[in-house]
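For the sequence shown, full-length UniProt numbering assigns the number 1 to the initial residue and increments by one for each residue that follows.
Don't be surprised by glycine CBs; every beta carbon is placed ideally from N, CA and C.
Predicted model, so just to flag it, every value in this text is computed and none were measured.
Comments concern the structure below.
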Amino acid sequence: MSVHMSLRLAWHDQGWNGHICENPCNNPYCVGAHSYPGDLIATKRNLELEKAHCGESAGKYPCEIACGLSINAFGKETVQTRVDPPDWWGEGNADAVTLTLPPATACTWCYEAMYKKDVSPEAGSTQTYDYEKRFNNAKEYFAQFDEGKSLVFYYAGYSNPFSEGEEENYVIVGVSRLKKIDSFHFYENTTEEIKKKYGGGFAWQKPITSNYPEEGFCIPYWKYLHDDELSERLAIKPLNRTPFKYGSREVTNDDAIEVINQMIETIDVLIEIGDDTEDWEKRKDWLNSVLNELWKARGPFPGMGSVLEALDMPELIKPFFDITTDSGRKDFYKQLEEVLNGDSNEIAGKEYSDKELKIVRRQFQMKEDDEKELLLHLLPRFDLTAKQVRGIISENPEDVSITATIEELVENPYIIFEQYIGEDSDDTIPFYKIDNGIIPSPEYGLDEILDAGSTERLRALCVDELNRIPAHSFGKAEAILKSINARLDRMPEWKRYVYSLKNFNVEKNILNGGLFMRQDEDKNLYLYIRSVYEDERTVEEVFRSLADRADIELKIPISPEKFKKNLKNESSKLLDKEETAEKYEFILDRQAEVCMQIFRKPICVLSGAAGTGKTTVIKAILDNIERVHGAGTSFLLMAPTGKAAERIKVQTGKPSSTIHSFLAKNGWLNKNMTMKRSGGKMSQDVNTLILDECSMIDLNLFATLIRAVNWNSVQRLILVGDPNQLPPIGRGKVFADAIDWLKDSDEYADSVGVLTENIRQLVNTAEGNGTGILDLANVFIQEKQTSGEDVDATIKLKLEKEEIFTKVLENGNGDVDKDLSVYFWQEQDDLEKLLQDRLVKDMQALTGKSADNEKELHDLWTEAIKDAPERFQIISPYRGEFYGTMSINTFMQSTFNGFWSRKLNVDGIGIYDKVIQIRNRPASDKAYVYDWSIRKTGRQEVYNGEIATVTPMGYEASRIYKMTNLQHFQCKFSGKSRANYSYMYGKYLSKDGSIPEQKVTDNLELAYAISVHKSQGSEFDYVYIVIPKRDSHLLTMELLYTALTRAQRHVTVFLQQDISTLTTMSHVEKSAVRKINSSVFEFNPLPDELLYSGDWYKDEKKLATLSEYYVRSKSEVIIANMLVSEDVPFVYEEPLYAKDGSMYLPDFTVKFRGETYYWEHVGRLDLPGYKAHWEKKEKWYEKNFPGKLLTTYEGKDLSTDAMEIIKHHM
């Protein structure tokens, strides 16, 4: 049976055509942490050379192009590249080997094989690994591929343009047929000692030549990356990630079949758009012929090897796969069954003794009939690993998230796909692996387990589709069916079927096992994954039950004065001046009112924007709970992240934990870190439960937490957060839903306490620091965007938007306020210069130091972040491109830590770099530390999102100038609880080898620039936000609001070209929260047009449906609908610039007879502030756009007036 190869490439911007990138500066991916191989390109890249010779053949510059190992995968010329010997071999012990790579050749290596258990040295050896064994493993790995038969799947690791936000993806970039595997290469002039120790000195790179261009192709991503929607349609993200790791791995026929099917879908898109990179019809014909080969090669029992291994009969794996006919495999199958049942001792020509078979038979015969059926007759049909087989048939299948019985699995094997989750996040069993075994090729002569139109198959396909929209609780059945039928249409004829909505009316008992179905008021059918529906009901039931309880009775009275006393900071500078003292007292009164309002509620929400004092209010509530209920009252403070839990602990003085830590302690987490639905221990000793940063908690986490608490023991549940921040990374929006439900109810409205007065803003005013941050953030608060009947709120928001955007325009490239600056940039050089200049200026103001050269810049940076690495923080919405975190981190590292990051680094991170922890290390997997308080090594928790500075290990600090190689380092994280610990990363962390390697790439990333998601829950003194001019789903209202509100003292915004991206992000359609289908309390499905809309007003079919969602006031909805009904083209709140650069936001920009007009709906002229603003705006129109202004006024005649305007101009 042929095995296929995956081959990782470093990202290239012209299709790995053997030429230098066309725009090297725009390709930060090749130097990313998940490039190939490792950080080689990052450390060797000569960017100046690449810029000088961009687009030229790499063949003209032998051994000078850092990405030479990847660059020629689809090239047509010969190139040369150099592989240097490892640094630890020492100078003079070996020289680099030059590899001559013919056309269509790239290099790869089997890194996984280098770290198998069998590479340990003999006892007494001083080496960590036996290199002869490693070399043999490499030989075995490459020997399994057949030249002229095996396929090569080229892919990019996580460092690629399709890994944005918090989403990490492998991406298939091309495919071809394996033509030649080159011989092994050895370093030049290697000493005998090195040869003896390191397997002859073999280089860890193997040239692989494909049969391109005769067979195969490269997907032309580079042409379409500017178009997010189209590039996503083209992108091939493997559903099973397992084969696409460690440089190169084996790809099974099942995985190859699925990837080829995805490639055919991509080619269909390329044909549809008229791409001429290749003759795509010809390439599609080739793929279809490859599919036929793969189905024949797959055979009926691809999982037999794994089953044999699970049966402890691995010696039979090779004999089985040596059989070349289906009939021979069936005979083997029959013999195996006879051997296990004790009817025979011979199989595949091998004679066993009864003694040899005794244990195997006993273990098999002790199994129930259903287990035997599953193990012998079903699992061999599926392309599963031995580890997966063992997990499925183990005594504790819940460890891999399988809750179904063996009987249920036998009856419906699709459940294996629906439920299985392995210990590794990539260890899943995709739908196609089960489907290919259930409905086998007719050539195999096997019966189908279930037919192609089975309800079980429909259910599994629906589960698969629902998992592909992970933010939503449910999806519309019609849309899901359309996607399913499109998938099935690309399958071989024997697997095709066309499902219809009628299928949901039959065998409902089967459908209900994995799905929940419900209709809206128009009889449209919607589908949930059943566990998701149950999670919603779990949350709803407890929240409603708490809300229905009577208010909490108090034995000691409370009063606003008591709360105010707790809230008041007697040493606050706000009390020094009469004006600010009066405003401070007013804010305290409002906060005390909120405390009084929610204090006796069994469930309540404390909601507020950044700076409104949520944590201070929580502390006041906690103090008063202890006062009225007694000091023995039990509190449980939790947050979704470690850094948030740490912060609330410091600020309240009460113990806190992460939600995951609480669940793990009470047995609610499986070994694979998924959440149990039952079986954990219920917490009995909690009286008051407080959850902070609730906007970050997804549905599954909320539901599991609720299952883990005995609510009869709980008196209060307090939900704290800011619903205007980014929605959860997982499913749903429970916090936002809870606020809407409580607010909209007459009974429960008082359970929502909203802090509206901003104390941080007042402090900034008192200290003369400005209010620009909060003024700008205010227009991106999604809760304010639609106000229904509240005309005043609509008018106020519009006024605030125009005022702050005008200030930005008038003061651009400088200070908008004392706490807010805005700068405009065009290209990469502009952005990098602005970033450096602004950071240097701010750090000089803080430290008083000057900086004119590399060393002084490093010293300035070190002094500025001393003991506070989070003081200065760059934030970008993107990872890739030159404006993303990857490129900015590289630039900042070279600017402020160039010397040390070049001299001493591990995986691209050097000593003195600023880093962020990217992996949770909770109590179950603590990180290794040196504890300075007891001067011993130990283990401590550290969490995703915590920021640190890298320093050398204590015992190496005095000799770093003499060192030439770095194997490890330590990190000092910020925060009081981390003060005594140095966290250790890298290799050789202990003399006795007791501390395993702590891989840097698994734990840390550079953090000069971080994503907005990574910044959530943190606060920084100075924040620098980079916003490109790009139409993308990532640029949401909540994203910018979250970024702006991370700053305590100052924000600098870097806008590309102009203010238009800011104004666009303030539109209602840019709210991510509002585009999530969730039904914790109310089932109101969003229209399809809303879920998939971009520029909604550019699509006439969407206008009537969406105006009520995207236009702020009811009056504007009336106007919008009238414009739609009369076929008048319009745009809502599009910036209008005058020749002098000034700008306003017309309510509607409309066209009559080809002429453009600007329609303003005028509201409350009785309000002096609004009236003055309107009069100024009206004069601006008269001056700059005479005769182009149309106006309507708030009142009962609006509809008549609006129609008169429309009819007059048509």
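Of the residues LYS962, PRO1028 and TRP741, which one's Cα is nearest the Cα of ARG879?
The shortest Cα separation from ARG879 among LYS962, PRO1028 and TRP741 belongs to PRO1028.
request  = Would you mind sorting ILE271 into buried or exposed? The rule is 16 or more other CB atoms within 10 Å of its CB.
outcome  = Exposed, by the Cβ-count rule.
> Would the region 1034 to 1048 and the region 170 to 180 be scored as touching if the rule is three or more Cβ pairs under 8 Å?
Replying inline: These segments do not touch.
Query - N- and C-terminal bounds of the beta strand (DSSP E) containing MET984 - result: 981 to 986
Taking the C-alpha atoms as reference points, what is the distance between ASN26 and SER1011?
-> 18 Å
Q | Straight-line Cα distance separating ASP775 from ASN758 | A | 11 Å
Here's a check: name, in chain order, each residue in its chain whose Cβ is nearer than 7 Å to the Cβ of GLU1116, leaving out the five neighbours to either side. ASP1147 and HIS1161
**Option in GLY342, GLY303 and PHE431 with minimal Cα separation from LEU379** = GLY303
- Task: Report the rounded CA-to-CA distance for ASN920 versus GLY945, giving the unit in angstroms.
- Result: 9 Å
task: Check whether the Cβ atoms of ILE718 and ILE556 lie closer than 9 Å to each other.
output: no
Does the count of Cβ pairs from the region 890 to 904 and the region 181 to 197 closer than 8 Å reach three? no
Point to revise | Sequence-distant residues of its chain with Cβ nearer than 6 Å to GLY772 (five each side left out) | key: Taken in chain order, the residues that qualify are VAL816, ASP817, ASP819 and LEU820.
Q) What residue does the beta strand (DSSP E) around GLY814 start on, and which one ends it? A) 814 to 817
Paired residues, beta bridge with LEU1189 - DSSP: TYR1158
Margin query: Quick check on the DSSP output: the alpha helix (DSSP H) that includes TYR131 runs from which residue to which?
Written below: 131 to 143
Worksheet item: Should the region 199 to 217 be regarded as contacting the region 228 to 240, the criterion being three or more beta carbon pairs within less than 8 Å?
Response: Fewer than three Cβ pairs drawn from the region 199 to 217 and the region 228 to 240 lie within less than 8 Å of each other, which leaves the two stretches out of contact.
Exercise. Terminal residues of the continuous beta strand (DSSP E) containing PRO207?
Worked result: In the DSSP annotation of this structure, the continuous segment of the beta strand (DSSP E) that includes PRO207 starts and ends at 206 to 210.
Check whether LEU637 and ALA1072 have beta carbons under 9 Å apart: Not closer than 9 Å, so no.
Task: Reduced DSSP secondary structure (H/G/I, E/B, other) of THR794 - done: helix
If we count the other Cβ atoms within 10 Å of its Cβ and call it buried at 16 or more, is PHE735 buried or exposed?
-> buried
- Give the DSSP-derived three-state secondary structure of THR633 in the structure shown. DSSP places THR633 in coil when its eight states are reduced to three.
Have a look at PHE1185, SER1142, GLN873 and LYS1171 and flag the residue whose alpha-carbon is nearest the alpha-carbon of residue 1262. For the chain, the structure presents residues 1 to 1210; residue 1262 sits outside this window and is missing.
Please report the distance separating the alpha-carbon of ILE909 from that of LEU1006. Cα to Cα, ILE909 sits roughly 7 Å from LEU1006.
> Do the CB positions of MET114 and TRP204 come within less than 9 Å of each other?
Replying inline: Less than 9 Å separates the beta-carbon of MET114 from that of TRP204.
Span of the beta strand (DSSP E), counted from its first residue to its last, around CYS971
For CYS971, the enclosing beta strand (DSSP E) starts and ends at 968 to 973.
Measuring CA to CA, which of ILE995, PHE142 and ASP254 is closest to ASN436? ASP254
Quiz item: Quick one: does the C-beta of GLU507 sit closer than 8 Å to a heavy atom of the ligand FAD?
Solution: Looking at this structure, you won't find the ligand FAD or any other ligand, since it has none at all.
- prompt: Can you name the start and end residues of the alpha helix (DSSP H) that GLU48 belongs to?
  reply: 47 to 52
List the endpoints of the continuous alpha helix (DSSP H) containing ARG233. Counting along the chain, the alpha helix (DSSP H) containing ARG233 begins and ends at 228 to 234.
| Can you tell me where the alpha helix (DSSP H) with LYS330 in it begins and where it stops? | From DSSP, the alpha helix (DSSP H) with LYS330 extends over 326 to 340.
task = Enumerate in chain order the residues of its own chain whose CB-to-CB distance from GLY812 is below 6 Å, with the five nearest sequence positions on each side excluded.
result = VAL822 and PHE824
query = Start and end of the alpha helix (DSSP H) containing GLU478?
reply = Going by DSSP, GLU478 is part of the alpha helix (DSSP H) stretching over 477 to 489.
Using only the alpha-carbon positions, how far apart do PRO1087 and ASN17 sit?
44 Å
Return the bridge partner residues of GLY247 from the DSSP annotation. Partner(s): CYS110.
**Q.** Per-residue DSSP class, three states only, for TYR1097
**A.** With a pLDDT of 39 at TYR1097, under the threshold of 50, the modelled position of this residue cannot be trusted; read the value that follows with caution. Residue state, collapsed to three classes: helix.
Given PHE1020, which residues of its chain have a CB within under 8 Å of its CB, disregarding the five upstream and five downstream residues? GLU870, ARG871, PHE872, GLN873, ARG1046, ALA1047 and GLN1048
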